[in-house]
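Participant:
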Amino acid sequence: MTQIFGEFRENLPSDQEFLILGFSPSSVPIKHRWRNNGLSADFVADYLTTFFPISEDDPSTQERQVEIKSAVSYIANELLENAMKFNDETSNYPIRFGLHLLEETNFTVVLFVTNSICCQASDKFQSFIQELINSDPAELYIQQLEKSALDESGKSSGLGLITMKQDYLAKLGWKFERLQKDAEMVAVTTMVQLTV
7 MTQIFGEFRE NLPSDQEFLI LGFSPSSVPI KHRWRNNGLS ADFVADYLTT
57 FFPISEDDPS TQERQVEIKS AVSYIANELL ENAMKFNDET SNYPIRFGLH
107 LLEETNFTVV LFVTNSICCQ ASDKFQSFIQ ELINSDPAEL YIQQLEKSAL
157 DESGKSSGLG LITMKQDYLA KLGWKFERLQ KDAEMVAVTT MVQLTV
């Protein structure tokens with residue numbers, strides 16, 4: 007069974023620029039890779055700036071490149087951190103991270119990450135998603151700040167997702183799919199679309 011929430015794009019085109027990274031749980035446990043998230047996020051942001059060259063005749067191109075790089079690095083880092091933090095430790099499924107650059111009316115950067123979680127975590131996450139979709143981001147941000155101050159586990163904030171929506175005006179979407187080989191596991195894909 008597949009469930010879609012928010013603004014999720016299926017079937018991204020393969021004839022425009024894209025990059026896919028995979029993180030296998032078999033060599034080094036996923037949770038031990040946290041320190042590499044920033045490196046991966048910065049790599050993706052640097053890669054993307056290639057498509058937005060700086061023109062010496064137009065200083066605004068440098069500002070635009072810096073803004074794009076900063077936004078993509080932040081969002082990629084948040085997506086990777088969340089995927090690795092919430093990935094089910096018993097799962098043998100890799101975490102997949104991707105970037106697509108779509109040339110439409112404007113350029114749209116689509117970032118996504120897929121990780122596996124247990125059904126119970128899926129239900130809890132879907133409740134948060136409904137709250138995020140149906141709430142004012144500024145009010146929800148304050149509520150989540152207060153909630154995370156009381157949560158010692160550090161697993162309930164959602165502040166990164168709220169920040170993406172509020173500060174970067176990103177469109178967020180999710181896809182939940184039961185995994186064929188393990189009925190107790192769900193593959194969740196979080197997608198962020200950013201107009202640049």
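Number 12 in my numbering belongs to position 6 of the sequence shown; there are no gaps in the numbering.
C-beta atoms are modelled at their ideal positions from N, C-alpha and C, and glycine is treated no differently.
The structure displayed is predicted, hence computed values, not measured ones.
Could you name each continuous beta strand (DSSP E) segment of 3 residues or more that falls completely within the region 90-139, going from the start of the chain to the end?
Facilitator: Whole beta strand (DSSP E) segments, 3+ residues: 101-109 and 113-124.
Participant: When the distance is taken between beta carbons, is Asn93 closer than 8 angstroms to Ser66?
Facilitator: Here residue 66 refers to the residue found at position 60 of the sequence shown. Here residue 93 refers to the residue found at position 87 of the sequence shown. No, the pair does not count as a contact, with Cβ atoms beyond the cut-off.
Participant: Among Leu165, Leu86, Glu109 and Glu137, which has the Cα closest to the Cα of Arg41?
Facilitator: Taking the sequence shown and counting its residues from 1, the one referred to as residue 41 is at position 35. That would be Leu86, whose Cα lies nearest to the Cα of Arg41.
Participant: Does the distance from the CB of Ala82 to the CB of Leu117 come in under 8 angstroms?
Facilitator: One-based indexing of the sequence shown puts residue 82 at position 76. One-based indexing of the sequence shown puts residue 117 at position 111. Taking 8 angstroms as the Cβ cut-off, Ala82 and Leu117 qualify as a contacting pair.
Participant: By how many angstroms is the C-alpha of Lys177 removed from the C-alpha of Val198?
Facilitator: Taking the sequence shown and counting its residues from 1, one reaches residue 198 at position 192. Taking the sequence shown and counting its residues from 1, one reaches residue 177 at position 171. Using only the alpha carbons, I get a separation of about 6 angstroms.
Participant: Would you mind reading off the limits of the alpha helix (DSSP H) that contains Val50?
Facilitator: By one-based count along the sequence shown, residue 50 stands at place 44. From DSSP, the alpha helix (DSSP H) with Val50 extends over Trp40 to Thr55.
Participant: Give a yes or no on whether the C-beta atoms belonging to Phe29 and Arg39 are separated by under 8 angstroms.
Facilitator: Position 23 of the sequence shown, counted from the first residue, corresponds to residue 29. Position 33 of the sequence shown, counted from the first residue, corresponds to residue 39. Yes.
Participant: Whole angstroms is fine: what's the gap from Gln132's alpha carbon to Leu54's?
Facilitator: To locate residue 132, count along the sequence shown from 1; it is residue 126. To locate residue 54, count along the sequence shown from 1; it is residue 48. When rounded, the distance between both Cα atoms is 30 angstroms.
Participant: Taking the alpha-carbon of Asp21 as reference, which of Cys124, His106 and Ile101 has the nearest alpha-carbon?
Facilitator: What you label residue 21 is simply residue 15 of the sequence shown in a count that begins at 1. Measuring from the Cα of Asp21, the nearest candidate turns out to be His106.
Participant: Going straight from the alpha carbon of Glu183 to that of Ala47, what length do you get?
Facilitator: Against the sequence shown, residue 183 aligns to sequence position 177. Against the sequence shown, residue 47 aligns to sequence position 41. Cα-Cα distance, rounded: 25 angstroms.
Participant: Quick check on DSSP: helix, strand or coil for Gln71?
Facilitator: In the sequence shown, residue 71 corresponds to position 65, counting from 1. Three-state result, Gln71: helix.
Participant: When the distance is taken between beta carbons, is Tyr147 closer than 8 angstroms to Gln126?
Facilitator: Counting from one through the sequence shown, the residue named residue 126 turns up at place 120. Counting from one through the sequence shown, the residue named residue 147 turns up at place 141. In this structure, Tyr147 does not lie closer than 8 angstroms to Gln126 by Cβ.
Participant: Pull up the distance between the alpha-carbon of Leu27 and that of Asn17, whole angstroms please.
Facilitator: In the sequence shown, residue 27 corresponds to position 21, counting from 1. In the sequence shown, residue 17 corresponds to position 11, counting from 1. Between Leu27 and Asn17, the C-alpha separation is close to 17 angstroms.
Participant: Considering only C-alpha positions, which residue in the set Phe57, Leu45 and Thr195 is nearest to Gln9?
Facilitator: Against the sequence shown, residue 9 aligns to sequence position 3. Among Phe57, Leu45 and Thr195, the Cα nearest to that of Gln9 belongs to Thr195.
Participant: Between the C-alpha atoms of Lys187 and Ala193, what's the straight-line distance to the nearest angstrom?
Facilitator: Sequence index remark: in the sequence shown, residue 187 carries index 181 (1-based). Sequence index remark: in the sequence shown, residue 193 carries index 187 (1-based). The alpha-carbon atoms of Lys187 and Ala193 are separated by roughly 11 angstroms.
Participant: Whose CA, out of Ile168, Lys130 and Asp157, lies closest to the CA of Ala144?
Facilitator: Walking along the sequence shown from the start, residue 144 turns up at place 138. Here the closest residue by C-alpha is Ile168.
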